[in-house]
Amino acid sequence: MQSYAGPEFLKGHGTENDFVVLPDPRGELELTTARVRALCDRRSGLGADGVLRVVPGGLLGEELPADVPADAWFMDYRNADGSVAEMCGNGVRVFARYLLQSGLVSTGTVPVGTRAGLRSVVAGEDGRVTVDMGAATVLGHSSLGIAGYAMSALAVDLGNPHLVCVTTGVAELDLSVRPGYDPELFPAGVNIELVEPLDERQVRMRVYERGIGETRSCGTGTVAATVAALRAAGAENGVRLVHVPGGTVEVEVTPETTTLTGPAELVARGRLDAGWWGNVEEPALVTSGAIQ
Ligand SMILES: N[C@@H](CCC[C@H](N)C(=O)O)C(=O)O
87 MQSYAGPEFL KGHGTENDFV VLPDPRGELE LTTARVRALC DRRSGLGADG VLRVVPGGLL
147 GEELPADVPA DAWFMDYRNA DGSVAEMCGN GVRVFARYLL QSGLVSTGTV PVGTRAGLRS
207 VVAGEDGRVT VDMGAATVLG HSSLGIAGYA MSALAVDLGN PHLVCVTTGV AELDLSVRPG
267 YDPELFPAGV NIELVEPLDE RQVRMRVYER GIGETRSCGT GTVAATVAAL RAAGAENGVR
327 LVHVPGGTVE VEVTPETTTL TGPAELVARG RLDAGWWGNV EEPALVTSGA IQ
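Following this line, the structure appears as structure tokens:
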């Protein structure tokens, strides 16, 4: 028998980078890899690029980054494959939208704890949500392999790792398979952005996200792409409108920090079926060497 008395969920997105939000005010949810994969499955689950568990920072104990106060809400972010990531620029804006709409915080600047540290989020009256993403760290040049070609790319850290290639013909490039990168530089994987300057104010971007595949937007990726596009134009600071398949965001890079502004929406709220949630199983371990 179905029993829709399982955990509460919400579904939301920022420029079609979509998330299942799981409120967990008492830190009781066991968010296994299998459960994240099941939730994110677009045929047998709710479908999403990632999961945002909403948990009080104080319940994280020693895992709470030093600059995150215990009374802040913490975004426990997971990619669709179940892997943990440090930061999600679209996710943190959807997360703040949830905190505001549910009355867990009052209007104004919303502090959100992430594995990359504290982020401040502000919801504007125009429906757009801005997050202060902190300073971007340029790690240097590397290369990526796409369609049999090696292309120069800039490694940029936004709390999570990015490799950005500034190029032309971005709409035509094949992102159905992960572009190659130097695994020694990125032992934990990397998000890969292809960015094409359109004029002095605008760029087009596509992204292949670590732990997901090609998505319709990536907030941290748009900031990394702006940093790389600015450098390609001989600048270190400035503003760019970043057009992604799922919409448009605005990114500003200053000497001190970076900001990301764009839409963030919640579209549904409900409860998971308790039996379905309880019966999600971990995949069987492969013990023979037959399957790679
Ligand atoms: N879509 C997110 C980034 C999510 C994490 C990323 N896939 C990673 O593994 O680092 C964003 O909006 O920034």
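Numbering (my numbering), first residue to last: 87 to 378.
Glycine included, C-beta positions come from ideal geometry on N, C-alpha and C.
Only a predicted model underlies this, so the values are computations on that prediction, with no experimental measurement involved.
Proximal residues to residue i (C-beta, below 7 Å), its chain only, five neighbours per side dropped
{"i": "Q187", "result": "L352"}
{"i": "G266", "result": "L230 and G231"}
{"i": "D153", "result": "G203 and L204"}
{"i": "G398", "result": "In the structure displayed, the chain extends from 87 to 378; residue 398 sits before or after that span and is not available."}
Per-residue burial, residue i [other beta carbons within 10 Å of its own, 16 or more giving buried]
{"i": "R139", "result": "buried"}
{"i": "T301", "result": "buried"}
{"i": "N207", "result": "Contrary to the premise, residue 207 reads as Val rather than Asn in this sequence. Burial call: buried."}
{"i": "H227", "result": "exposed"}
{"i": "V263", "result": "exposed"}
{"i": "Y184", "result": "buried"}
{"i": "D135", "result": "buried"}
{"i": "E149", "result": "exposed"}
{"i": "P269", "result": "exposed"}
{"i": "G356", "result": "exposed"}
{"i": "G375", "result": "Its pLDDT being 42, under 50, G375 is placed unreliably by the model, and the measurement read from it follows with that caveat. Answer is exposed; the Cβ neighbour count stays below 16."}
{"i": "A209", "result": "buried"}
{"i": "N246", "result": "buried"}
{"i": "N323", "result": "exposed"}
{"i": "P155", "result": "exposed"}
{"i": "F201", "result": "A small correction: the amino acid at residue 201 is Arg; Phe does not occupy that position in the sequence shown. The residue in question, R201, is buried, as its Cβ has 16 or more Cβ neighbours within 10 Å."}
{"i": "P109", "result": "buried"}
{"i": "T344", "result": "buried"}
Contact test: residue i Cβ vs ligand 1 heavy atom, cutoff 6 Å
{"i": "N323", "result": "no"}
{"i": "R121", "result": "no"}
{"i": "N365", "result": "no"}
{"i": "T306", "result": "yes"}
{"i": "G175", "result": "yes"}
{"i": "R264", "result": "no"}
{"i": "A182", "result": "no"}
{"i": "E148", "result": "no"}
{"i": "A171", "result": "yes"}
{"i": "E351", "result": "no"}
{"i": "E211", "result": "no"}
{"i": "R326", "result": "no"}
{"i": "G348", "result": "no"}
{"i": "E295", "result": "yes"}
Neighbourhood of residue i by C-beta, 6 Å cutoff - its chain only, sequence neighbours within 5 removed
{"i": "C174", "result": "Y163"}
{"i": "V325", "result": "E338"}
{"i": "T223", "result": "D243"}
{"i": "D167", "result": "G297"}
{"i": "A124", "result": "G131 and V366"}
{"i": "E336", "result": "L327 and T347"}
{"i": "D104", "result": "A134 and D135"}
{"i": "T334", "result": "L327"}
Beta bridge counterpart(s) of residue i as assigned by DSSP
{"i": "T301", "result": "V293"}
{"i": "T347", "result": "T216 and E336"}
{"i": "M237", "result": "L230"}
{"i": "L138", "result": "V107 and Y163"}
{"i": "T200", "result": "G203"}
{"i": "R425", "result": "Summary: the structure shown does not reach residue 425, with the chain confined to residues 87 through 378, and so no result is reported for it."}
{"i": "A64", "result": "This structure gives no information on residue 64, because the portion of the chain shown stretches from 87 to 378."}
{"i": "P247", "result": "D243"}
{"i": "V252", "result": "V281"}
{"i": "V224", "result": "V242"}
Beta-carbon proximity list for residue i, same chain, < 8 Å, skipping 5 on both sides
{"i": "W363", "result": "G92, P93 and R121"}
{"i": "A233", "result": "L259 and D260"}
{"i": "L284", "result": "R290 and H329"}
{"i": "R287", "result": "V325, R326 and L327"}
{"i": "M161", "result": "L138, R139, V140, C174, G177, V178, F181, V198, G199 and T200"}
_If contact is defined by three or more beta carbon pairs under 8 Å, each pair taking one atom from either stretch, is the segment 197-206 in contact with the segment 317-330?_
no
*So does the segment 273-283 actually touch the segment 292-306, counting three or more Cβ pairs closer than 8 Å?*
yes
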